[in-house]
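Numbering (the working numbering), first residue to last: 6 to 255. Here a beta-carbon is modelled for each residue, glycine too, at the ideal position from N, C-alpha and C. None of the values given here were measured: they were computed from a predicted structure.
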């Protein structure tokens with residue numbers, strides 16, 4: 006009895022599944038023609054929009070341009086655009102690659118680690134800066150004021166800053182060399198000005214010291230003695246020569 010029930014249930018289940026499968030096949034194969042025509046019109050422009058009365062009444066403008074404005078034309082247009090963009094992108098890539106190589110060379114050329122201009126000009130610039138620093142240290146001993154020392158020290162610091170900025174700047178070898186030469190000329194000019202000022206200060210200081218240490222002249226004889234000696238010399242001269250006619254005529 007139990008086995009019969011099982012077979013009965015399996016038979017009913019097979020009948021139900023068979024009915025569902027037949028309905029599924031019927032649905033998939035029995036498509037609607039007007040939907041297929043609309044899809045074909047949208048995709049390739051080869052279809053015909055049906056029913057006519059529907060599109061004439063509600064979508065007349067779309068019906069006039071549907072076959073011409075389809076997705077296939079858009080795809081062809083976009084394919085041509087993409088092809089043009091690909092050629093353009095390849096050109097940009099080539100230019101970018103060449104520019105990257107040039108910039109890589111510039112980075113190496115403009116790096117402070119490979120600053121050949123500083124290697125060449127370093128000795129004479131630092132030599133002049135050392136002399137300039139020594140002259141600045143002479144300002145106070147030579148008669149300059151603290152304010153004078155501060156001003157010249159600021160000039161020295163500005164020159165050092167100019168060298169530091171030039172070494173760290175993104176410039177090529179030729180431009181760096183020009184900047185270093187300009188700094189060198191400025192150091193020489195400033196040092197010349199300071200040297201002249203040191204000579205002036207030293208002259209004024211020496212004059213003040215001489216004036217401070219000078220003494221009034223000491224007379225060897227008194228005024229009375231000098232006057233008496235002069236009178237005696239006059240008397241002797243008168244006694245010897247007298248008022249001769251020759252001297253008188255003169």
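Sub-9 Å separation of residue 171 and residue 185 beta-carbons: yes
Under the three-state DSSP convention, the category residue 251 falls into: Confidence is the limiting factor: at residue 251 the pLDDT is only 48, short of 50, which leaves the residue's position unreliable, though a coordinate-based value still follows. Three-state result, residue 251: helix.
9 Å Cβ cutoff met for residue 77 and residue 52: no
Separation of residue 122 from residue 189, as counted between CA atoms: 13 Å
Secondary structure of residue 75, DSSP reduced to three states: coil
Separation of residue 75 from residue 82, as counted between CA atoms: 11 Å
Among 233, 156, 69, the one whose alpha carbon lies nearest that of residue 198: 156
Exposed unless 16 or more other CB atoms sit within 10 angstroms - verdict on residue 140: buried
Distance, residue 88 Cα to residue 45 Cα: 26 Å
C-alpha distance - residue 158 paired with residue 208, whole-angstrom precision: 22 Å
Minimum C-alpha distance to residue 150 - residue among 230, 196, 187, 202: 202
Beta-carbon contacts of residue 142 that lie in its chain and below 8 Å, excluding the five residues immediately before and after: none
Cβ pair residue 71, residue 47 closer than 9 Å: yes
Backbone CA spacing between residue 91 and residue 179 [nearest angstrom]: 40 Å
N-terminal and C-terminal residue of the alpha helix (DSSP H) that residue 182 is part of: 178-218
Residue 105, DSSP secondary structure in three states: helix
Coil, strand or helix - residue 37 by DSSP: coil
Residue 89 in three-state terms, based on DSSP: helix
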